[in-house]
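Which chain is which? The protein sequence lines are A and B, in order.
If you count by our numbering, then the first sequence holds residues 1 to 761, one letter each, in order.
If you count by our numbering, then the second sequence holds residues 1 to 150, one letter each, in order.
Below: the structure, in structure tokens.
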Amino acid sequence: MKIVGKGIAKIDAINIATGKPVYTEDLAFKNALVVKILHSPHAFAKIKSIDTSKAEKLKGVECVLTYKDVPNVRFTLAGQSYPEPSPYDRLILENIVRYVGDEVAIVAAVDEKTAVKAMKLIKVDYELLEPVLDFEQAIGHSSVVHPEADVYCNFDIGMNKDQNIVSSYKLEAGDVEAELSQCDVVVEGTYYTQAQAHAMMETYRAFSYMDHAGRLVLISSTQIPFHVRRKLARSLNMPASKIRVIKPRIGGGFGGKQTVAVEPFVAAVTLKTGKPALLVYDRKETFCSTTSRHAMRLKVRLGADRDGFIRVVDIQGLSDTGAYGEHASTVFSVVGDKTLPLYNKTKAVRFMGDVVYTNKLPAGAFRGYGATQGTFALESTVNQLAGKLNMDPTEIRLKNLIQQGESCLTYKNKVLGSSTLDRCIAKGKELIGWDDKYPRREMGNNKVRAVGMAVTMQGSGIAGIDTASAEVRLNDDGNYTLLVGSTDMGTGSDTILAQMAAEILETELENIIVYAADTDVSPYDPGSYASSTTYVTGMAVVKAAEDLKRQIIEQGARFLETAPVDVEFDGLMLQTSDGSRSMSLEKLAELLVLGMGNKQLVGNATYGSPVSPPPFIAGFAEVEVDKETGKVELIDFVAVVDCGTVINPNLARIQVEGGIVQGIGMALYEEVRYDERGTLQTNSFMQYKIPSRKDVGSIRVAFEESYEPTGPFGAKSVGEVVVNTPPPAIVNAIYQATGVSIESLPATPEKIYMGIRNNNH
Amino acid sequence: MQIDVTINNKQISLTVDFNEFLADSLRKHGFSSVRKGCDTSCCGLCSVWIDGKPTLSCSVLAFRVAGKNITTIEGVETEAEAFAQILAAEGAEQCGFCSPGFIMTVLALKNEIPNPTEEQIIHYLTGNLCRCTGYMGQLRAVKTYLGVNT
């Protein structure tokens with residue numbers, strides 16, 4: 001292969017790096033109205049009355065919208081294919097507020113100062129209700145977070161909203177209790193994973209205006225332009241054909257921008273006033289009024305025989321979706337989907353539990369999407385089992401892992417098409433120096449160094465649901481335009497999709513113009529989430545490019561006056577097999593759009609995969625713990641990745657490094673805290689600590705390529721799987737160093753120090 | 001009020017409010033590279049140079065820069081692009097939203113510390129957060145750019 005597999009720089013790299021005006025806010029008209037949102041100061045309250053008259057009278061205020069001014073149609077902000085599995089439990093504005101930060105009113109004014117001043121003039125009279133703040137107390141709480149009668153679910157997700165249960169789920173194979181009673185060893189643990197903030201550098205923002213044809217145009221920093229269009233149409237009660245969503249460059253997403261955040265508010269203002277409107281959430285609003293990772297409690301029981309074969313995996317979960325049910329049931333089911341297949345010497349497996357509403361910030365999609373939470377719980381328990389059996393953590397895994405060509409209890413009829421996880425473990429051991437360092441070394445000064453590890457899997461796209469389309473057009477000058485509806489959030493997906501098209505069409509990358517995404521122009525794509533872009537959209541691009549290549553040869557044959565089988569195409573020239581006649585692609589392109597009886601060529605393809613092949617990672621952490629303070633320093637993290645064929649090693653490596661740092665943040669630093677009234681205390685980078693350069697030690701990445709038969713050029717996904725191993729691997733290393741089991745993230749010095757003290761008493 | 005400043009070697013008169021921050025003034029005047037990511041002087045996205053020193057423009061009142069020299073990435077295009085090419089070759093700009101502030105700090109580091117150690121590089125750049133790259137690729141790029149081998 002000439003282009004696939006090369007570490008080519010991103011096609012937009014220089015312009016985004018040097019600050020050119022390419023992001024949403026840069027593209028907003030200078031005269032756009034400034035939109036501000038009045039957020040609820042209460043965790044749970046009914047709006048008895050709301051007086052906007054003073055605010056409306058203020059000079060420069062264009063409109064103030066409350067629940068009285070928006071359609072009474074419930075919808076979900078979750079960016080999922082229709083019909084969405086998330087409940088329709090929202091209105092754009094409602095007379096009930098369900099968390100501190102929930103939206104109460106929309107203000108639009110000629111400038112920011114006026115908008116802020118106007119917000120202060122809105123008088124709201126609230127009837128305070130008892131909030132549900134502890135997710136372990138939510139089921140059967142005297143307060144019901146969603147008392148309204150018109151919540152609607154497209155599917156039966158096990159909702160029992162009078163009990164504050166948004167979804168119940170059970171996945172089971174075999175008889176868990178009977179098999180457990182047969183096991184020689186049973187270990188169990190209860191793990192808590194915290195809510196985590198996406199903390200992408202570009203906060204949420206959208207800009208809207210009416211175009212020349214009276215259509216609503218929305219420029220938004222989103223991962224899901226087509227879903228945004230559908231959600232706006234429903235929530236604003238207007239035809240989708242009247243809406244155009246354009247996605248410019250995106251300043252990071254991590255799943256956060258898979259959930260709609262600010263778009264309905266600017267759209268409502270533009271529809272009301274007819275004027276352009278811009279809303280930029282500041283960092284505090286981004287922390288307080290968007291979404292986070294679902295916090296969960298996961299009780300795990302593992303049963304094994306004396307030889308270390310894991311026979312039973314049983315996980316009981318409870319997930320906190322906060323005030324609204326975005327991604328509630330799907331994130332939860334992924335906890336089981338991506339943990340139960342990992343070890344397949346099992347005789348019985350089960351994952352079950354509930355997702356509950358509380359009066360806190362809603363949870364939503366976040367890189368890893370439940371697999372992260374499940375991996376922490378499962379892998380921590382496997383490490384505990386290894387300890388109990390006196391086995392090396394790497395050995396117990398090699399003994400039990402699902403292998404290429406095998407199937408497992410929960411995917412009985414589906415065979416694993418590719419895996420090099422065993423090689424990933426071997427390579428990771430070597431890179432981190434496992435055999436010399438395991439389990440620990442005393443360093444003097446009360447410091448001890450130790451290593452720990454974990455493995456994980458994810459998926460690639462959503463099997464049988466998400467379907468992507470792609471078009472490749474041969475332009476009049478012999479170049480190509482690749483049209484896709486996926487979203488490059490910085491990952492480099494536009495570039496790797498172009499690499500794939502260039503490979504098929506045997507051309508250079510610079511001959512391919514990539515356009516993504518604009519709902520008026522791009523073919524349908526669900527958007528970039530669920531680790532789907534390389535795998536699902538990538539396959540659509542490959543097939544579209546193949547379709548175009550076939551047409552090029554067919555049309556070439558027409559001009560060369562021969563049959564298509566007799567035409568050879570090398571990317572530049574078309575010639576007959578005997579070499580007697582030839583023409584350049586450029587000439588063909590020109591002739592196809594000139595004169596009479598010709599046609600411009602467009603390759604098309606739509607692709608949805610029946611399977612979601614998992615990428616795998618083996619993660620290894622080396623930590624140094626100060627036994628006097630509990631402080632952990634991460635010395636080294638090694639990740640060895642099987643993502644199938646690596647389409648662009650440089651971009652893939654950065655994806656891995658970045659995901660690992662997010663996982664390190666979750667393991668050690670990032671902590672979401674509320675006060676007793678339900679107000680988020682960690683609402684700035686002063687309080688909510690994402691890792692800085694000094695917090696991450698050294699991170700080393702290696703690839704052990706496999707070949708995924710269902711993927712483009714053998715590729716699987718890489719975007720999400722990378723965040724999963726740091727929490728369990730680091731916590732395992734802390735245990736090896738101190739004997740302290742951290743069961744609730746993050747692993748703060750306080751928890752470790754108290755654990756050391758308790759162990760010594 | 002009106003202030004006279006030099007921005008990217010051009011004399012400019014800016015009309016600013018008494019409580020307006022420099023980052024907002026610069027954006028308002030078309031310097032789109034200046035980004036804000038935090039409002040609490042934590043993230044480094046808004047870094048520009050004031051009289052050659054990297055400074056958080058979100059935390060400097062605009063009127064205080066009267067008579068001073070402001071440099072944004074638009075004013076050091078050639079150097080910025082030279083480093084951006086190296087960054088891009090590593091794939092380490094990712095979403096690019098933090099890159100202008102980061103690059104301004106890297107160029108200042110080059111001016112300020114000859115032959116820095118890896119530790120000095122990390123220390124100098126600690127105030128520039130990035131949520132995409134995990135920092136390793138950025139470090140590789142900075143080391144390549146500065147010719148640091150350690």
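Glycine included, every Cβ here is placed at the ideal spot set by N, Cα and C.
Since residue i and residue j should fall inside the 8 Å C-beta cutoff, what is the C-beta to C-beta distance between them, to a whole number of angstroms?
| i | j | result |
| --- | --- | --- |
| A:V451 | A:Q137 | Actually they do not touch by this definition, with Cβ atoms about 39 Å apart. |
| B:A62 | B:V16 | 4 Å |
| A:D305 | A:C183 | 6 Å |
| A:G256 | A:H212 | Not confirmed; about 33 Å, so no contact. |
| B:F21 | B:V60 | 7 Å |
| A:A540 | A:Y480 | Between A:Y480 and A:A540 the Cβ distance is about 15 Å, and since that is not below 8 Å, they are no contact. |
| A:V110 | A:A55 | No, A:V110 and A:A55 are not in contact; Cβ-Cβ is about 14 Å, not under 8 Å. |
| A:A605 | A:A470 | 6 Å |
| A:I224 | A:P526 | 7 Å |
Give a yes or no on whether 7 Å exceeds the smallest Cβ distance from residue i to chain B.
| i | result |
| --- | --- |
| A:V455 | no |
| A:L651 | yes |
| A:A776 | Past the boundaries of the shown model lies residue 776 of chain A; chain A is included only from 1 to 761, so the question cannot be answered. |
| A:I14 | yes |
| A:A762 | Lying outside 1 to 761, the shown extent of chain A, residue 762 of chain A is not represented and no answer is given. |
| A:E202 | yes |
| A:D26 | yes |
| A:D111 | no |
| A:P21 | yes |
| A:G739 | no |
| A:V262 | no |
| A:G251 | yes |
| A:V331 | no |
| A:G657 | The question names Gly, but residue 657 of chain A in the sequence shown is Glu. Closer than 7 Å: yes. |
| A:V661 | yes |
| A:I635 | no |
| A:I654 | yes |
Should residue i be flagged as near chain A, meaning a C-beta pair shorter than 7 Å?
| i | result |
| --- | --- |
| B:T133 | yes |
| B:L125 | yes |
| B:G91 | yes |
| B:A141 | no |
| B:L87 | yes |
| B:M136 | yes |
| B:A84 | yes |
| B:Q94 | yes |
Check each candidate in the options and name the one with the smallest Cα separation from residue i.
| i | options | result |
| --- | --- | --- |
| A:E161 | A:H141, A:A173 and A:L171 | The sequence given here places Lys at residue 161 of chain A; Glu does not occur at that position. Closest option to A:K161, Cα to Cα, is A:H141. |
| A:N648 | B:Y145, B:I122 and B:E90 | B:E90 |
| B:R27 | B:N149, B:C42, B:A141 and B:C46 | B:C46 |
| B:F31 | B:I73, B:G137 and B:T6 | B:I73 |
| A:A348 | A:A173, A:A454, A:L128 and A:T576 | A:A173 |
| A:L745 | A:Y169, A:G697, A:A295 and A:V124 | A:A295 |
| B:F97 | A:Q194, A:E94 and A:Y204 | A:Y204 |
| A:S241 | A:G417, A:G387, A:T519 and A:V382 | A:T519 |
| A:R769 | A:Y343, A:F332 and A:V448 | Because chain A in this structure spans residues 1 to 761, residue 769 of chain A falls outside the shown range and cannot be described. |
| A:W434 | A:T420, A:N445, A:G444 and A:R449 | A:R449 |
Hey, does residue i have any beta-carbon neighbour from chain E nearer than 7 Å?
| i | result |
| --- | --- |
| A:A9 | No chain E appears in this structure, whose protein chains are A and B. |
- request: Output, in sequence order along the chain, the residues in the segment 670 to 702 of chain A whose CB is closer than 7 Å to any CB in chain B.
  value: S684, F685, M686, I690, S692, R693, K694, V696 and I699
field: Members of the segment 33 to 48 of chain B near chain A, C-beta cut-off 7 Å
entry: S33, G37, C38, D39, T40, C42, C43 and L45
- request: Entirely within the segment 490 to 545 of chain A and at least 4 residues each: give me those alpha helix (DSSP H) ranges in chain order.
  value: 493 to 505
- request: Determine which residues of the segment 99 to 126 of chain B have a Cβ less than 8 Å from any Cβ of chain A, and write them out in chain order.
  value: S99, P100, I103, I122, H123, L125 and T126
task: Report the residues of the segment 12 to 30 of chain B with a CB closer than 7 Å to any CB of chain A, ordered along the chain.
output: none
- request: Scan the segment 46 to 76 of chain B for residues whose Cβ lies nearer than 8 Å to a Cβ of chain A and list them as they occur along the chain.
  value: T72, I73 and E74
Residues in the segment 483 to 511 of chain A having any Cβ partner in chain B nearer than 8 Å: M489, G490, T491 and G492
- prompt: What are the start and end residues of each continuous beta strand (DSSP E) run of 3 or more residues lying completely inside the segment 334 to 397 of chain A, in chain order?
  reply: 348 to 357
field: Against chain B: residues of the segment 277 to 290 of chain A by CB proximity under 8 Å
entry: D282, R283 and K284
- prompt: What are the complete alpha helix (DSSP H) segments, minimum 4 residues, inside the segment 38 to 86 of chain A?
  reply: 53 to 57
- prompt: When Cβ atoms are compared, which residues of the segment 342 to 372 of chain A fall closer than 9 Å to chain B?
  reply: none
task: Could you tell me which uninterrupted beta strand (DSSP E) segments, each at least 3 residues in length, are contained entirely in the segment 405 to 493 of chain A, listed from first to last along the chain?
output: 440 to 444, 447 to 457, 467 to 474 and 480 to 484
field: Inside the segment 205 to 274 of chain A only - alpha helix (DSSP H) runs reaching at least 4 residues
entry: Within the segment 205 to 274 of chain A, the alpha helix (DSSP H) runs of at least 4 residues that lie entirely inside it are, in chain order, 225 to 235 and 263 to 273.
field: Contiguous beta strand (DSSP E) assignments of at least 3 residues, all confined to the segment 544 to 613 of chain A
entry: 567 to 569, 573 to 576, 582 to 584 and 602 to 608
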